[in-house]
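Accompanying notes for the structure given below.
Number of protein chains: 2
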Amino acid sequence: MNQQNKGKLYLIPTPLAADALHKTITEESVKVIGRLDYFLVENVRTARRFVSSLKLGRKIEELHFEMLDKNTPAHEVEAICNPLVNGRDMGVMSEAGCPGIADPGHLAVSFAHRHDITVVPLSGPSSIFMALMSSGFNGQSFVFHGYLPIDRQQRKNALKSMEQEAVRKGQTQIFMETPYRNDKLLADILKTCNPQTLLCVASDITGPDEIIRTMSIKNWQKSMPDLHKRPTIFLLYA
Amino acid sequence: MNQQNKGKLYLIPTPLAADALHKTITEESVKVIGRLDYFLVENVRTARRFVSSLKLGRKIEELHFEMLDKNTPAHEVEAICNPLVNGRDMGVMSEAGCPGIADPGHLAVSFAHRHDITVVPLSGPSSIFMALMSSGFNGQSFVFHGYLPIDRQQRKNALKSMEQEAVRKGQTQIFMETPYRNDKLLADILKTCNPQTLLCVASDITGPDEIIRTMSIKNWQKSMPDLHKRPTIFLLYA
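Structure representation (structure tokens):
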């Protein structure tokens, strides 16, 4: 069986912030969503609401939304991806941003590659990438660490080691935290890193309260912003 | 002087492939371009052509395009960014994709942060990110290395070391090559890496000849694609 008889898997980015639809979603994504019947989504409610908001004139209850999250066991991934094998196109949507990056969408993508199914990424917003663009830091060499350890000492060690890599390799260090712990993480960064190290804080990207600032640790210490519950990407550079 | 008196620096993504305008450029980007008079660009000719293609009804010859490339000396960056300080908004555009990532736009961004000028990233296509989404690999932990060393032995060492990091850290390894050397790089990857290591090759993203495939090195060895002069992102994962 070749790729022609199978469906395609579309990777569909979703807005990062409320009311940021026209800022971030392309005509192409709207067109693709308009002709898909099958969706794999991190959160069915948000996904239905997003598709409804596009006002495509389709009956939401006739579309198939299957939940795909980090706890979905392998055999279930196989089952919910099965329409692809039977020639149906499917769309993967993240809760916010690009599916497959720091999100369970990669399970469906990996299924697709194993079954010789074409994967089609659509262009859209990624908070990690938009933060990197906006930091002014090295974009030729960067690393994304996801979430840092929760344990205080381990986290400090992680920060120290990232700072060293930034100096040694000229490599931009990107990481994040659960939004309600952002202020603690920021405090730890300001305590742990060298005064001349550069920190970029990128919060509420594409939202009305977007803040993106790069300053030295020393200058951040003079004016600590309130990041509580605000989706934020942190970047370090030396 | 506060941010209110100054201009804003908009980071404007451009299409990755010819004829991919509606696939990748948002309404918001078109709107922002439509009201800017000052642009910092990697290549003036391509940038003018891109702005013209949007058919905004503006006289291209009345817009200001300044070249910003990796050889632009620091004092010149200061000079061409000066309209920002005087309250004019400016846009940075890359040759293709997102400015500031693997492109000289970061020099303007870094100027903006040093002068307390607001940086506004717009959503758009990034071949690195679209390749990562489409690989099925770990998106919680990844590293982008840019170009590998040209020296054969150094390049093999780099490939070996990336493969080890992929195994040791479960970290996706992303890199690229000048398109006319892609086939050589692919041959080196297939010779150097373990048969069971996974390789994703993402070529001509958003273009009519887009190919994105993840397979083991062993399977790639059986069917080597022709990547000559095709913009390609390579990803390794264990």
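Residue numbers (the working numbering), protein chains in the order written: chain A, 1251 to 1488; chain B, 1251 to 1488. Cβ coordinates follow ideal geometry from the N, Cα and C atoms, glycine included.
Residue i (DSSP reduced to helix, strand or coil)
i: L1477/B; result: coil
i: Q1404/B; result: helix
i: R1285/B; result: helix
i: F1392/A; result: strand
i: L1266/B; result: coil
i: L1313/A; result: coil
i: S1303/A; result: helix
Under 7 Å between C-beta atoms of residue i and residue j
i: L1306/B; j: G1284/B; result: yes
i: G1396/B; j: V1359/A; result: no
i: C1450/A; j: L1485/A; result: yes
i: T1428/A; j: L1448/A; result: no
i: P1393/A; j: V1417/B; result: Looking at the sequence provided, one finds Val at residue 1393/A rather than Pro. Not a contact, by the Cβ cut-off of 7 Å.
i: L1271/B; j: I1455/B; result: no
i: L1436/A; j: L1477/A; result: yes
i: F1300/A; j: T1264/A; result: yes
Closer than 7 Å to chain B by CB, residue i
i: L1382/A; result: yes
i: F1289/A; result: no
i: S1373/A; result: yes
i: V1282/A; result: no
i: K1273/A; result: yes
i: G1396/A; result: yes
Exposed unless 16 or more other CB atoms sit within 10 angstroms - verdict on residue i
i: Q1403/B; result: exposed
i: Y1487/A; result: buried
i: Y1430/A; result: exposed
i: V1489/B; result: Outside the displayed span of chain B (1251 to 1488) sits residue 1489/B, for which this structure offers no information.
i: S1303/A; result: exposed
i: K1256/A; result: buried
i: H1314/B; result: exposed
i: Q1254/B; result: exposed
i: T1482/A; result: buried
i: P1458/B; result: exposed
i: D1269/A; result: exposed
i: G1337/B; result: exposed
Own chain partners of residue i with C-beta closer than 6 Å, once the 5 adjacent residues on each side are dropped
i: S1279/B; result: I1262 and L1372
i: K1468/B; result: P1445
i: C1331/A; result: A1358 and F1361
i: L1286/B; result: D1339 and G1341
i: T1380/A; result: Position check: residue 1380/A holds Met in this sequence, whereas Thr was assumed. Excluding residues within five positions, the ones whose Cβ falls inside 6 Å are I1455.
Cutoff 7 Å: residue i Cβ touching any chain A Cβ
i: A1352/B; result: yes
i: G1386/B; result: yes
i: G1389/B; result: yes
i: V1369/B; result: yes
i: V1393/B; result: yes
i: V1327/B; result: no
i: T1442/B; result: no
7 Å CB neighbourhood of residue i in its chain, flanking five on each side removed
i: A1408/A; result: L1398 and P1399
i: K1479/A; result: P1429 and Y1430
i: W1470/A; result: L1440 and L1449
i: V1294/B; result: F1315 and M1317
i: T1296/B; result: E1345
Cβ neighbours of residue i in the same chain (closer than 8 Å, five flanking residues each side left out)
i: D1438/A; result: R1402, R1405, K1406 and L1409
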